[in-house]
Ligand code: UDX
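Numbering (my numbering), first residue to last: 11 to 465.
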């Protein structure tokens with residue numbers, strides 16, 4: 011078994027570290043934040059992620075998993091150092107590599123034996139060549155250090171499962187020694203390994219993520235057209251999914267993709283192409299569609315209502331997807347400021363995202379409107395004039411159509427995740443707008459209401 015150090019204890023670093031320990035390696039996770047290290051030592055995960063705490067506690071107790079702020083002790087005699095620090099997006103769309111550079115410098119100054127540095131963070135193609143040169147330039151001891159690329163494909167909410175049961179492990183190396191070392195580390199996972207050059211590995215990560223982002227934007231584009239021509243995107247997706255060349259996954263139209271990867275990685279690849287004098291038109295289109303898609307429901311609601319001022323607006327779901335407390339690029343963050351500007355009194359509910367959201371918008375008066383955080387779906391819906399569904403949490407999906415009718419003052423629902431059957435909402439007397447599905451029923455409802463009035 012190998013001695014492994016992991017730099018960074020975010021989604022990528024911590025999950026990788028815990029999973030390496032789980033398969034038997036000796037792992038030390040390094041983070042600069044002392045409080046975070048103490049928290050992890052006490053068995054608490056700094057991120058909300060299924061199964062993670064359990065495995066942290068188990069492997070810590072077994073003595074295979076350690077946490078420290080003292081990077082020197084972790085790096086000096088490690089066989090491999092995995093870098094899983096963030097590469098946040100900069101205003102121009104490029105990736106900020108300063109955290110990687112800091113760790114690379116620390117590694118160069120501390121390693122005392124031959125060691126493989128493995129970059130898990132998503133970095134622009136060619137970065138790992140530079141990281142290797144950078145480490146060699148600052149190397150203090152006479153040891154061999156090589157850099158390998160090993161991109162991470164985990165999705166938040168299922169990170170541990172995705173790591174232990176990954177569809178494939180991509181390793182990008184420039185020597186047999188590096189390739190063999192990584193193969194050995196991953197052997198206990200018993201997963202397919204694809205070994206390529208360092209630059210190809212870097213590109214596989216972007217090309218994969220951006221392909222999925224493109225797939226979602228394509229479906230959203232088609233969904234918008236479906237609305238105009240009276241087709242139903244869910245039926246269209248179903249029909250498409252039977253073609254194995256298309257596949258059944260990532261065909262869900264909705265309120266646009268969010269999270270820490272797709273928005274950042276699409277912009278980074280587009281930026282990389284631009285830097286090389288090439289216009290990446292497909293990805294540019296995916297970015298544009300996604301930007302508009304995020305506020306699609308708000309725009310629909312503006313066409314339907316005279317004003318939001320003084321209206322009680324229920325928001326169901328704040329996080330960018332279920333299973334995580336992460337708000338990065340979440341549709342709620344685009345829509346809530348618009349609603350507040352328009353004077354809405356927001357009642358927001360999310361099973362785990364409220365604490366993070368409070369850091370951005372404190373409770374009470376906010377601009378022209380106000381926000382109140384509530385502890386249940388019912389509380390949010392009670393006497394509301396309009397409801398927006400932004401995240402398809404299980405408990406939100408479990409709300410019956412009749413409950414909207416019963417609890418809300420006016421049963422007007424904008425669903426960004428196509429949770430409900432249009433017919434069922436219609437039958438329950440809910441005025442229901444979703445993404446890419448016909449409004450026919452709404453028209454029918456209006457004429458029925460008119461008929462009832464006349465009678
Ligand atoms: C993604 C990739 O799945 C993962 O492989 C990569 O390593 C990191 O980025 P993540 O961002 O955690 O993972 O979540 P994912 O489940 O892929 O969803 C991303 C966004 O796309 C979410 O906002 C989700 O709501 C949206 N989405 C997903 C859709 O709108 N439609 C779909 O059909 C699927």
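Ideal placement from N, C-alpha and C gives every residue a C-beta, glycine not left out.
Only a predicted model underlies this, so the values are computations on that prediction, with no experimental measurement involved.
Please identify the residue among 82, 24 and 33 whose C-alpha is closest to the C-alpha of residue 55. Your numbering for residue 55 matches position 45 in the chain shown. Measuring from the Cα of residue 55, the nearest candidate turns out to be 24.
Bounding residues of the beta strand (DSSP E) (the contiguous stretch that carries residue 382): The residue given as residue 382 occupies position 372 in the chain shown. Counted as a single uninterrupted DSSP element, the beta strand (DSSP E) harbouring residue 382 occupies residues 379-383.
Under the three-state reduction of DSSP, which class applies to residue 13: helix, strand or coil? Translated into the one-based positions of the chain shown, residue 13 becomes position 3. Three-state result, residue 13: strand.
Can you look up residue 397 in the DSSP assignment and give me helix, strand or coil? Locating residue 397 in the chain shown gives position 387, counting from the first residue. Reduced to three states, the DSSP call for residue 397 is strand.
Return yes when at least one heavy atom of the ligand UDX lies under 6 Å from the C-beta of residue 216, else no. Position 206 of the chain shown, counted from the start, is the residue given in the question as residue 216. No; taking the cut-off as 6 Å, the Cβ of residue 216 has no heavy atom of the ligand UDX nearer than that.
For residue 108, which option in 131, 91 and 86 has the closest C-alpha, if you only look at C-alpha atoms? Numbered from its first residue, the chain shown carries residue 108 at position 98. When only C-alpha atoms are compared, the closest one is 131.
Determine the contact status of residue 199 and residue 226, defining contact as a CB-CB distance below 7 Å. Your numbering for residue 199 matches position 189 in the chain shown. Your numbering for residue 226 matches position 216 in the chain shown. No, Cβ-Cβ distance for residue 199 and residue 226 is not below 7 Å.
Spatial distance of residue 378 from residue 93 (CA atoms): For this step, residue 378 is matched to residue 368 along the chain shown. For this step, residue 93 is matched to residue 83 along the chain shown. If you take the alpha carbons of residue 378 and residue 93, they lie about 44 Å apart.
Any chance the CB of residue 330 is under 6 Å from a heavy atom of the ligand UDX? Translated into the one-based positions of the chain shown, residue 330 becomes position 320. Because some heavy atom of the ligand UDX lies under 6 Å away, the Cβ of residue 330 counts as near it: yes.
On the DSSP letters alone, give me the boundaries of the beta strand (DSSP E) that residue 92 sits inside. What you label residue 92 is simply residue 82 of the chain shown in a count that begins at 1. Secondary structure note for residue 92: its beta strand (DSSP E) is the uninterrupted segment 90-93.
Under 7 Å between the Cβ atoms of residue 395 and residue 343? Residue numbering aside, residue 395 sits at position 385 when the chain shown is read from its first letter. Residue numbering aside, residue 343 sits at position 333 when the chain shown is read from its first letter. In this structure, residue 395 sits away from residue 343, with a CB-CB distance that is not shorter than 7 Å.
Once you ignore the five residues that flank residue 120 on each side, which residues in its own chain have a CB closer than 8 Å to its CB? Residue mapping note: residue 120 aligns to position 110 of the chain shown, counting from 1. Cβ neighbours of residue 120 beyond the five flanking positions: 81, 82, 85, 86 and 150.
Where does residue 271 fall in DSSP's three states? Here residue 271 corresponds to residue number 261 of the chain shown, with the count starting at 1. Of the three classes helix, strand and coil, the one that applies to residue 271 here is coil, per DSSP.
Just to confirm the assignment, what range does the beta strand (DSSP E) spanning residue 324 have? Your numbering for residue 324 matches position 314 in the chain shown. Judged by DSSP secondary structure, residue 324 falls within the beta strand (DSSP E) whose first and last residues are 322-326.
Report all residues from its chain with a CB closer than 7 Å to the CB of residue 173; omit the five preceding and five following residues, and keep chain order. If you number the chain shown from 1, residue 173 lands on position 163. Excluding positions up to five away in sequence, the list reads 25, 26, 29 and 164.
Short of 6 Å in beta carbon distance, which residues of its chain neighbour residue 70, apart from the five on each side in sequence? Order them along the chain. Within the chain shown, residue 70 is the residue found at index 60, counting from 1. So the list is empty, once near-sequence residues are dropped.
Residue nearest to residue 204 in terms of C-alpha spacing, selected from 194, 223, 185 and 179: Numbered from 1 along the chain shown, position 194 holds the residue referred to as residue 204. Ranking 194, 223, 185 and 179 by CA distance to the CA of residue 204 puts 179 first.
Taking the alpha helix (DSSP H) that residue 239 belongs to, which residues open and close that run? Your numbering for residue 239 matches position 229 in the chain shown. Taken as a continuous stretch (DSSP letters only), the alpha helix (DSSP H) holding residue 239 covers 208-239.
Kindly list the residues whose CB is nearer than 6 Å to the CB of residue 350, restricted to its own chain and excluding five residues on each side of it in sequence; keep chain order. In the chain shown, the residue the question calls residue 350 occupies position 340. Only 376, 377 and 379 meet the Cβ criterion.
Per-residue burial, residue 35 [other beta carbons within 10 Å of its own, 16 or more giving buried]: Within the chain shown, residue 35 is the residue found at index 25, counting from 1. Counting Cβ neighbours within 10 Å, residue 35 comes out buried, since at least 16 surround it.
According to DSSP, residue 376 sits in a beta bridge with which residue or residues? In the chain shown, the residue the question calls residue 376 occupies position 366. Beta-bridge partners assigned by DSSP to residue 376: 379.
Is any non-hydrogen atom of the ligand UDX found closer than 6 Å to the C-beta of residue 244, if you look at the structure I gave you? Sequence index remark: in the chain shown, residue 244 carries index 234 (1-based). Annotation for residue 244 indicates a beta carbon at 6 Å or more from all heavy atoms of the ligand UDX.
Figure out for me which residue from 334, 330 and 381 has the closest Cα to the Cα of residue 352. In the chain shown, residue 352 corresponds to position 342, counting from 1. Looking at the Cα atoms, 381 is the closest of the given residues.
Are residue 268 and residue 330 close, meaning C-beta to C-beta below 7 Å? Taking the chain shown and counting its residues from 1, the one referred to as residue 268 is at position 258. Taking the chain shown and counting its residues from 1, the one referred to as residue 330 is at position 320. Contact: yes.
Going along the chain, which residues of its own chain have a beta-carbon closer than 7 Å to the beta-carbon of residue 213, five neighbours each way excluded? Here residue 213 corresponds to residue number 203 of the chain shown, with the count starting at 1. In chain order, 135 place their CB closer than 7 Å to the CB of residue 213, counting only its own chain and leaving out the 5 sequence neighbours on each side.
Nearest to residue 207 (by Cα), restricted to the options 139, 194, 175 and 168: Here the question's residue 207 lines up with position 197 in the chain shown. When 139, 194, 175 and 168 are compared, the shortest CA-CA separation from residue 207 is found for 139.
Could you name each continuous beta strand (DSSP E) segment of 3 residues or more that falls completely within the region 142-217, going from the start of the chain to the end? Counting whole runs of 3 or more residues, the region 142-217 contains the beta strand (DSSP E) stretches 155-159, 179-182 and 203-206.
Proximal residues to residue 240 (C-beta, below 6 Å), its chain only, five neighbours per side dropped: As a first step, residue 240 must be located in the chain shown, where it is residue number 230. If we look at residue 240 and ignore the five residues flanking it on each side, its Cβ neighbours are 448.
Using the DSSP secondary-structure output, state which residues sit across from residue 441 in a beta bridge. Taking the first residue of the chain shown as 1, we reach residue 441 at position 431. When beta bridges are read from the DSSP output, residue 441 appears opposite 422.
Identify every run of the beta strand (DSSP E) within the region 62-91, keeping only runs that are complete inside it and at least 3 residues long; order them along the chain. 75-78, all fully within the region 62-91.
Start and end residues, beta strand (DSSP E) containing residue 126: Walking along the chain shown from the start, residue 126 turns up at place 116. 125-129 is the span of the beta strand (DSSP E), which, as asked, contains residue 126.
In whole angstroms, what separates the C-alpha of residue 50 from that of residue 97? For the purposes of this step, residue 50 is identified with residue 40 of the chain shown, where counting begins at 1. For the purposes of this step, residue 97 is identified with residue 87 of the chain shown, where counting begins at 1. Rounded to the nearest angstrom, the two C-alpha atoms are 23 Å apart.
Below 6 Å, is the gap between the Cβ of residue 93 and the nearest heavy atom of the ligand UDX? For the purposes of this step, residue 93 is identified with residue 83 of the chain shown, where counting begins at 1. Residue 93 Cβ: outside cutoff for every heavy atom of the ligand UDX.
Would residue 222 pass as a contact of residue 296 if the rule is Cβ separation under 7 Å? Position 212 of the chain shown holds residue 222. Position 286 of the chain shown holds residue 296. Their beta carbons are not under 7 Å apart, which means residue 222 does not touch residue 296 by this criterion.
Could you give the DSSP three-state label for residue 405: helix, strand or coil? Position 395 of the chain shown, counted from the first residue, corresponds to residue 405. When secondary structure is reduced to three states using DSSP, residue 405 falls in the helix class.
Does the ligand UDX have a heavy atom nearer than 6 Å to the CB of residue 2? It is not possible to answer for residue 2, since the shown part of the chain is limited to 11 through 465.
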